[in-house]
Amino acid sequence: MKIMTLDDEIVMEIDENFLIETNKKILLREKKRTGKKVYIEIIPQNLARVFPKVSEYGTSGNIEQDLIQKAAAIMAAIPWTQAFFDGNRRTSIIAAGTFLRDNGYDLDISPEEENTELREMLSEIKKHQHDLDPTIMKQLFLYISKRVNKYEPKT
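Numbers given in my numbering equal positions in the sequence shown, counted from 1, plus 7.
If you want it as structure tokens, here you go:
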């Protein structure tokens, strides 16, 4: 799917199947790493709400701003809808990073300390049942905008 903007187009290559496969890989890796039982289960009615919610964001016509808003929406919508039984936040972070990479940007998140801040925002977002909380979305947008860089292929 391609999303047209005034200046350019945003490529949306991630879809429900990508999210399902990503979630499965994350949980199987967790099982292998920890030996703990994992629950690989999709909640179809919740997964179906992710992309309609994402489509509400990133419509300004400013390509970079729209990319960041859509990445924030991807990152927030998965844990907000609870699309999976487990691994929603991890799946959302990988999906948003993949979306940005598909559009020529890298999301630079350090594995430990900064990730804690992000995981707290994503935990908070799922507490708001009616819609994505605008205050948290602004925080998430700012968080991503500070950590996104134009992708430079290594030569």
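Beta carbons: idealized from backbone N, C-alpha and C, even for Gly.
- In this structure, Leu125 keeps its C-beta atom at 8 Å or more from the C-beta atom of Ala83.
- The beta carbon of Lys60 lies closer than 6 Å to those of Ala84 in the same chain, with the five residues before and after it left out.
- CA-to-CA, the gap between Glu28 and Thr142 works out to about 30 Å.
- Beta-carbon to beta-carbon, Phe91 and Ile49 are separated by about 6 Å, close enough to satisfy the 8 Å threshold.
- Annotation for Leu114: the continuous beta strand (DSSP E) segment containing it runs 112-114.
- Within the DSSP secondary-structure output, Asn156 pairs in a beta bridge with Asp113.
- Ile75 and Gln146 have their C-alpha atoms roughly 12 Å apart.
- Secondary structure at Phe148: helix, using DSSP grouped into helix, strand and coil.
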